[in-house]
Structure formats: structure tokens, C-alpha cells
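Remarks on the structure that follows.
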Amino acid sequence: QDDKVCRIGDSAFGIILQDVTSPVLLQLAAEKINRLYSAAISEMDVSFQAKVCIGIASYPDHANDAKELLHNARLAAEAADSKGEPYLFYSPESVATLSMKWDIQADLASAIESNALALFYQPKVSIATGRVIGAEALLRWDNGEYGPVPPDVFIPVACDIGMINELSQYVLTTALRNAAEWPRTGERQSISINLESETLQDTEVDEIISSSLSIWGSDHIDLLLEITESALVADSKSNFRRLQSLRSMGVGISIDDFGTGYSSLSYFTNIPATELKIDKSFINDMLECGRSRSLVETIINLAHRFDLVVVAEGVEHPEELNVLAEMNCDVAQGFHIAEAMSHDDYCHWLKKQ
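In full-length UniProt numbering, the protein residues as written are 1 to 353.
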């Protein structure tokens, strides 16, 4: 009768079991709760089933005070959910990845607001002439506690906490402002930025880009938006209309990481793309795998049929560049050309070309 149940979130409840310290008894309690609430519920001829994920933490084994006890129990519950388990006992090892994610969520929000992120630029060169035609802006974050955090870790976090649009706005304005300062080479340069699916689906994205171009645009710089296949296919009709609007502003559209998605080739007839980027996995395999080589050549020929500029990502060896030249690929990007650089280093590198 001393046990207590309280609501601690929209769909989260805390259960305080007094004087229960045995792991066996805690496990039995978790199994009983899971069995009770996981059973199908019928109401007004509608049947549904609740999903229950339980995190278990005990005092003093897992915490020094009530606040830490609740925090660790919630961590264990989320870890159980992510692992597909009905319940999970707290341990530093079982929640390590999740704990890092929570810390990154808090730190990322602060980093976005304080402009603590940085853009690096990786050059893109014409395979036929060797001349630099532009660069891709790549977002970098050096977290004080965890060190460099990869984009494939912190960008999904930005989506989860609803800050991906703020992040995209930062990348857009910073990249345009930096590109306007690039040394003039006598040819037009492009600045490529990656656009996430959530930002593409924002009804105000075309207005945001138009405003950014009016403030930071330059007469020798073209803006190119890189969008993955999966982002293009999601809500494709509205996305295509939005891309048409962006194209009318003179913004280029690049299909990024081509070949890794599950889209139909039929969308080639609808999307107003100007560029296609072949995923680096195909480029890195083509010297050793005849099928990959044939696939790369087929993609290049197909893209040229649709008047698309073809970019090979992840070019790391001169032999790869030679094969791509034989296939009439247009542009190369990768470590063989140059690694991503800070804005100042890129300007210095560009002057020497």
C-alpha cells in the first residue's frame, strides 16, 4: 500500500515500489505490468494494443537522489524502446548511446543559437578541364565533451528536437555569405548545400531561400540544393511543386547519393533536377567490381539523357578519375581532389588553382 503511481509525461508514468530491492522481484513486477497493459483493449467495437516499455532503476544502486533515480529510469525505458525490449534494468553500459544522444540534444540547441557550428567546403572540379566549378558546404560540430560529432548523428537529433529548419537557415546564410567572398576565378562557381526532407516540406522554404539570396547572393555564385532520393520521394507532389518554384529563382537542384534509395526511375520525368551525384560506394567499388563499373556508366549515360550534370562522389584515387573520364562523367569530388576545408583555407586553396 506504500507503492505510488504518478504521471511524469504525456505517455510516461512513474511507479515507486517501496522496500523492493531484489532484482528478481523488480523483474517480476515489470513482467506483470507489461502483461497487464500489453493485452489487447476493446472499446466500442475497436480493438487496440498499447506498447509498454519499462525502465528499472533502484536506490541506492543506480542513483544518489530522487532526481537521478527518475532520470536513469527514463533512460532505461527509452533504451528498452530502442532495443525492442519490454523492460531494461539501468546500467551505464545499457544507456550509454542514449545518454550521449540526450546530451547532444541539449548541446546542439545551444550550439545552433550561439553559432558554434562551422562550415567546411569540399571542392568540385570539372573532369574534362580540371578547373574548380564550385564546392559543397559540409556542416561540422566539435562538441566540447564528445569531440567531433558526425553529421549523421547530430542532424537526426536536430530533426527530433524540431531545430532542423534553424540549422538549415544557418547553413544557407553562412554558405552564401562565405561564397560571396571566394576569389573570382573567371568562371561562375556554385555553392552546394544539403537540404533535409523536413526543410524541403516546410511551406516557407522557397521564401526563406529567396530572401537569403536577395541578402547574400552574389553575381558570380550559383546556389545548388542537394536533396537525397528519399527526401524527393516523400510527399513527392508537393516537393516537386516546391522544387519547380526554386528552379524558377535560378536555384539548381541536385539528386544526392543517387543509387542508395528505393525510388522509381519514373520521377526523373517530374523532378526539375540539374545535377545528379553518384554515391561514393559505387565509385569506390568500380575498379574491383565489373558490375559496379557497368552500373556507374549506365547511370552517367541515363543522367546525360535527361541533361543532368553528373558528379562522382568520393573519388579517392587517380585510377578512379581516369575511368570516370573515359565514361564522360562531368564532375569529380573527393579526397583525391581535396579534403573539406575551412572557409579561409578554401579561399587560399582556390587562389592557387
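Ideal Cβ positions, reconstructed from N, Cα and C, are used throughout, including at glycine.
Buried or exposed by the 16-neighbour rule on C-beta atoms within 10 Å, applied to residue i
i: Val205; result: buried
i: His348; result: exposed
i: Pro183; result: exposed
i: Arg305; result: exposed
i: Gln333; result: buried
i: Ser192; result: buried
i: Pro151; result: exposed
i: Thr199; result: buried
Three-state secondary structure assigned by DSSP to residue i
i: Glu136; result: strand
i: Phe306; result: coil
i: Phe335; result: coil
i: Gly186; result: coil
i: Tyr121; result: strand
i: Ser211; result: helix
i: Arg7; result: strand
i: Ala111; result: helix
i: Gly290; result: helix
i: Val46; result: strand
i: Gly57; result: It should be noted that the sequence gives Ala, not Gly, for residue 57. DSSP places Ala57 in coil when its eight states are reduced to three.
i: Ser126; result: strand
i: Asn143; result: strand
i: Ile164; result: helix
Cβ pair residue i, residue j closer than 7 Å
i: Ala312; j: Ile337; result: no
i: Ser254; j: Glu226; result: yes
i: Ser190; j: Gly134; result: yes
i: Tyr90; j: Asn72; result: yes
i: Leu138; j: Phe154; result: no
i: Leu88; j: Gly55; result: yes
i: Thr173; j: Ser210; result: no
Where the beta strand (DSSP E) through residue i begins and ends
i: Val149; result: 147 to 149
i: Asp256; result: 252 to 258
i: Glu196; result: Glu196 -> no beta strand (DSSP E), and no H or E assigned at all.
i: Asp222; result: 221 to 228
i: Ile15; result: 12 to 16
i: Lys277; result: 275 to 278
i: Tyr37; result: Premise fails: Tyr37 lies in the alpha helix (DSSP H), 23 to 38, not in any beta strand (DSSP E).
i: Tyr346; result: No beta strand (DSSP E) contains Tyr346, which is instead part of the alpha helix (DSSP H) from 343 to 352.
Euclidean distance between Cα positions of residue i and residue j
i: Ser238; j: Glu316; result: 37 Å
i: Leu167; j: His220; result: 25 Å
i: Phe13; j: Leu232; result: 39 Å
i: Ile299; j: Thr260; result: 12 Å
i: Val5; j: Ile16; result: 6 Å
i: Leu243; j: Thr274; result: 11 Å
i: Ser218; j: Asp330; result: 24 Å
i: Val52; j: Pro86; result: 6 Å
i: Gly290; j: Val46; result: 55 Å
i: Thr203; j: Ala63; result: 46 Å
i: Ser214; j: Ile208; result: 10 Å
i: Ser292; j: Ser281; result: 9 Å
i: Leu36; j: Ala30; result: 10 Å
Interface flag, residue i vs chain C, CB-CB below 7 Å
i: His336; result: Of the chains in the structure shown, none is chain C; there is only one protein chain.
Residue i CB to nearest heavy atom of the ligand GDP below 6 Å
i: Pro123; result: The ligand GDP is not part of the structure shown, which contains no ligands of any sort.
Extent of the continuous alpha helix (DSSP H) to which residue i belongs
i: Arg74; result: 66 to 83
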